[in-house]
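Scroll down for the structure; my scribbles are underneath it.
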Amino acid sequence: MSAKVAVIMGSKSDLPALKGAFETLRKFGVEFEARVISAHRTPDTAAEYAKSAEARGIKVIICAAGMAAHLAGVIAAHTILPVIGIPMASEPFSGFDALLAMVQMPPGIPVSTVTAGPAGAKNAALSAIAILALSDAALNAQLKAFRAEQTKKVEAADAELQKELGLA
Numbered sequence: 065m066s067a068k069v070a071v072i073m074g075s076k077s078d079l080p081a082l083k084g085a086f087e088t089l090r091k092f093g094v095e096f097e098a099r100v101i102s103a104h105r106t107p108d109t110a111a112e113y114a115k116s117a118e119a120r121g122i123k124v125i126i127c128a129a130g131m132a133a134h135l136a137g138v139i140a141a142h143t144i145l146p147v148i149g150i151p152m153a154s155e156p157f158s159g160f161d162a163l164l165a166m167v168q169m170p171p172g173i174p175v176s177t178v179t180a181g182p183a184g185a186k187n188a189a190l191s192a193i194a195i196l197a198l199s200d201a202a203l204n205a206q207l208k209a210f211r212a213e214q215t216k217k218v219e220a221a222d223a224e225l226q227k228e229l230g231l232a
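Take the numbering used here: the last position of the sequence shown gets the number 232, and nothing is skipped along the way.
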């Protein structure tokens with residue numbers, strides 16, 4: 065089976081924050097590939113990678129970057145595939161600069177952006193899964209079951225709270 069999702073990080077230092085994305089994709093049985101590619105230090109590689117992704121069977125590209133965070137935009141400029149950006153926290157602006165770089169894309173080159181860091185990595189993977197689930201009935205059912213499981217966990221936590229506080 066070939067990879068359906070590509071996860072690109074601007075620096076290998078982003079890897080710890082991306083572990084949740086890899087775990088989530090694996091949990092759903094979604095094949096992925098992962099690369100370190102820099103929009104600024106390896107621009108030719110970034111462009112070629114994006115241009116060849118669709119032909120390789122990639123359906124969604126996730127890009128994680130900090131600081132100027134142009135990786136997602138550069139990738140999106142070279143493909144029509146959906147691109148999901150994950151801003152990575154870095155000094156001196158704690159990821160705010162990366163967030164702005166991703167959400168302030170010019171018209172015509174969209175980058176969907178999730179929250180920064182590890183939570184964003186999980187949400188990026190879930191967003192990619194939701195996109196793939198549009199044309200994959202088994203994955204769609206799996207995603208619906210995951211959402212139902214989340215609902216049950218919150219309902220159980222609420223019931224526990226009500227009991228602890230003597231409100232139930």
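Ideal Cβ placement from N, Cα and C applies to all residues, glycine included.
Values in this document were obtained by computation on a predicted structure and should not be read as measured data.
Taking residue 197 as the centre and dropping the five residues before and after it, the same chain places the C-beta of 203, 204, 207 closer than 7 Å to its C-beta, in chain order. A residue is called buried once 16 or more other Cβ atoms fall within 10 Å of its Cβ, and residue 217, having fewer, is exposed. Here the alpha carbons of residue 105 and residue 212 stand approximately 43 Å from one another.
The residues 129, 130, 131, 132, 133, 151, 152, 153, 154, 180, in chain order, have a CB closer than 8 Å to that of residue 162 in the same chain once the five nearest residues on each side in sequence are set aside. Residue state for residue 101 is assigned as coil, using DSSP reduced to three classes. Annotated as distal: residue 81 and residue 71, with beta-carbon spacing of 8 Å or more.
Nearest in C-alpha terms to residue 140, of all of 117, 156, 87, is 117. By a beta-carbon distance limit of 8 Å, residue 144 does not contact residue 192. Their separation comes to about 16 Å.
Rounded to whole angstroms, the separation of the alpha carbons of residue 209 and residue 74 is 33 Å.
The beta-carbon separation of residue 69 and residue 123, rounded to 7 Å, stays under the 8 Å limit for a contact. Straight across, the Cα-Cα distance linking residue 226 with residue 186 is about 29 Å.
Burial check for residue 229: the Cβ neighbour count within 10 Å stays below 16, so the residue is exposed. Take residue 182, set aside five residues on each side of it, and the residues of its chain with a beta-carbon closer than 6 Å to its own are 81, 84, in chain order. Listed in chain order, the non-local C-beta contacts of residue 92 below 7 Å within the same chain comprise 193, 203, 206, local neighbours out to five positions each way being set aside. In the DSSP secondary-structure assignment, residue 176 is bridged to 148. Measuring C-alpha to C-alpha distances from residue 78 to each of 115, 201, 135 identifies 135 as the nearest.
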